[in-house]
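Written below as structure tokens is the structure these notes are about.
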Amino acid sequence: METLLKKPATSLIGRLAQLAEECGGGDAAAWEEVLRDAAARQHSLIAALLDGKLTDETRFLKGVSDWLRIPWHEEPMVSIAAPLREKFPPWLALRHYLFPHRMDEEGLVLVTYDPFNFAARQAVAQAIPGKIIWRMSTRRQILQGLRQGYGVGAETFEQLLEGRDENEVLAELKQETNVLDSEDSTASVVSFVNQIIKEALKEHATDIHVEPLENDLRIRFRIDGVLHETPVPPNIRILQASFISRLKIMANLNIAERRLPQDGRINLELEGRPIDVRVATIPSVTGESISLRLLGQQVFDFDRLGLDVKSLAQIQQLLAMPNGIILLTGPTGCGKSTTLYTFLSTLNTKERRIVTIEDPVEYKLPGVIQIAVKSEIDLTFATALRSVLRGDPNVIMVGEMRDFETAEIAIRSALTGHLVFSTLHTNDAIGGITRLIDMGVEPFLVTASVRAFIAQRLVRVLCPDCKKPASYSEEYLRQVGFPLERAAQVLKPAGCERCRNTGYQGRTAIFEICVVGPKLQEMIIQRKTAGVLRPTAIEEGMTPLRQFGWFKVAEGVTTIEEVMRVTTADDENTE
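Below, the structure written as structure tokens:
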């Protein structure tokens, strides 16, 4: 690689600052100040530059590699051979970001991002006899390789297995700290659990699933709606009981009860930011499985929903109505709650009294009265809704219409001047109409009270750093219904460091908004089937889910495969 150093530098700090400037991050004088501060505090100079996130990591480290004549490591870092993993301890690898690539007759090949980490070099020399061959790579790639090779929390796990008795472990489990970034670095089950949760939050996971298998313990993160198995240390099954007991203690669950499902919540703190975690345990034949839903602080606004101009105008018109029911439909995990909270946040003014009935309350909205359903004391959606109506609300949100009783009270609320939001588990917007009628609601009450049915799904968003043009045959595009005139705008995922080589980063929603217009009302009263109602709704302005998805594909937001994954061909059936 051609050297990036174009100007003379008289010191290590000056040379690094100059290199950072040439890689697109501020000016050398500002970087010199950052580096001198890091040196005074005896912190890593390279880490100080990278933590600033103003310079391109790959270009900068390749520049250091070229300057020091340390070869750049191009080979993938995806696994570590078992003998080498046993020989090179996890604490050394993870503490100093050193990836042991291989060991042969020439010596041990170690990959680092910080060639100036002399403490690491000294620790390696003391722990591993023989020749060390150094290579360089990015910090992100090294960390990914270490997680894959040793497993998340491997450094803590290794120390946990040394001389622990049952009473000592139980005492650790009952620690009351719920601060994930605590300064306490003692190896314990508590810190091991914290490392797993911190890793999930760092990866922007929405769920953690701890699943006991026949001879192993599997941990999976749900990221952007897709499950990814997380590498864990070998023999983690040894800590299964302690691991799950710690989570149950944090959630105030009964650790002695392993035969029945339990639900709880954990309030955590990471870097001063509160994290709410919903916990659910399920007994299985191989042991207790436990799922954690991670709920951080969110900003609820329309920019996050991904609505187009037409759909946004429709939603704003619906929210401006003084009364009626707006129903969101879709399967579990399709983002209905986020959309509802966005609607409520928009309506949340000093002039409105808003009350919600939820099971459970997922996010806390300032200024909104939120009620959590508790069936064990007969506080159901229906009983809570009756009480809410006596409290003079303007806007009511019912978490889900599960039965005729709840639907009937909600309809009565809408007919008496309230704006009501709720959800139904149906595949599309038209399915909401037939579901209400199947519950026993009279068709004339549906048309008199419901203003709109809104179906939605979540699709993964293409990574902005690695998306690239895609090419499909005309036959295939015709088969899936994608407009041929926009084929040149279709993109596909490639995979890079930023998106964990998945090609996707984040999710956005696609919608199907069915406003109940005059023609549709007439057909509902006549009890027409969904196959007849659907083309009428499209005629009155409804955009089918899949067609909405094609707009997102043409805009370069997502892919054809993503839209097809979450929708069905029936979404476009207008016959």
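Just so you know, we're using the working numbering here: the sequence shown kicks off at 1388 and counts up by one.
From the three backbone atoms N, C-alpha and C, an ideal C-beta is built for every residue, glycine too.
Fair warning: this is a prediction, and the values are worked out from it, not measured in the lab.
- Taking the Cα of ASP1852 as reference, the smallest distance to any Cα among TYR1891, THR1445, THR1955 is reached at TYR1891.
- Assigned with DSSP and collapsed to three states, PHE1687 falls in coil, not helix or strand.
- ILE1662 and ILE1625 have their C-alpha atoms spaced approximately 28 angstroms apart.
- DSSP, reduced to helix, strand and coil, places VAL1539 outside both helices and strands of the structure shown, so it counts as coil.
- The closest CA to that of ARG1489, considering only ILE1467, ASP1650, ARG1740, is found on ILE1467.
- Comparing alpha carbon positions, the residue from ILE1515, LEU1455, LEU1448, THR1445 closest to LEU1471 is ILE1515.
- Assigned with DSSP and collapsed to three states, PHE1898 falls in strand.
- Residue pairing by DSSP places TYR1891 opposite LEU1849 in a beta bridge.
- Shown here for ARG1873: same chain residues with a beta carbon closer than 7 angstroms to its own, the five before and five after excluded, namely ALA1941 in chain order.
- Contact annotation, GLY1494 with LYS1518: C-beta distance approximately 3 angstroms; criterion of less than 8 angstroms satisfied.
- Annotation: ARG1844 to LYS1585 spans about 28 angstroms, alpha carbon to alpha carbon.
- Selection ARG1777, VAL1760, ASN1710 evaluated against VAL1837 yields ASN1710 as nearest (Cα-Cα).
- DSSP links LEU1655 through a beta bridge to ILE1662.
- Annotation: ARG1456 to ALA1407 spans about 18 angstroms, alpha carbon to alpha carbon.
- For GLY1612 and VAL1686, the gap between their C-alpha atoms comes out near 19 angstroms.
- For SER1858, there is no enclosing alpha helix (DSSP H), as DSSP marks it with neither H nor E.
- Out of GLU1763, ILE1606, ILE1796, the CA that lies nearest to the CA of ARG1777 is found in ILE1796.
- Note on the segment 1470-1524: whole alpha helix (DSSP H) runs with a minimum of 4 residues are 1477-1483, 1505-1514, in chain order.
- In chain order, GLU1408 place their CB closer than 6 angstroms to the CB of ASP1414, counting only its own chain and leaving out the 5 sequence neighbours on each side.
- Cα atoms of GLU1926 and ASP1815: separation of roughly 16 angstroms, rounded to the nearest angstrom.
- When beta bridges are read from the DSSP output, PHE1840 appears opposite LEU1714, CYS1901.
- Taking every protein chain shown into account, the CB of LEU1681 has 16 or more other CB atoms within 10 angstroms, so this residue is buried.
- Pairing SER1809 with SER1698, the inter-Cα distance amounts to about 19 angstroms.
- For MET1784, no alpha helix (DSSP H) segment is defined; the enclosing uninterrupted segment is the beta strand (DSSP E) at 1782-1785.
- Less than 9 angstroms separates the beta-carbon of LEU1679 from that of ILE1595.
- Beyond the five residues adjoining it in sequence on each side, PRO1747 comes within less than 6 angstroms, by CB distance, of ALA1759 in the same chain, given in chain order.
- DSSP lists MET1523 as the bridge partner or partners of TRP1459.
- Contact between LEU1530 and TYR1484 holds: their C-beta atoms lie close to 7 angstroms from each other, under 8 angstroms.
- MET1637 and HIS1591 have their C-alpha atoms roughly 21 angstroms apart.
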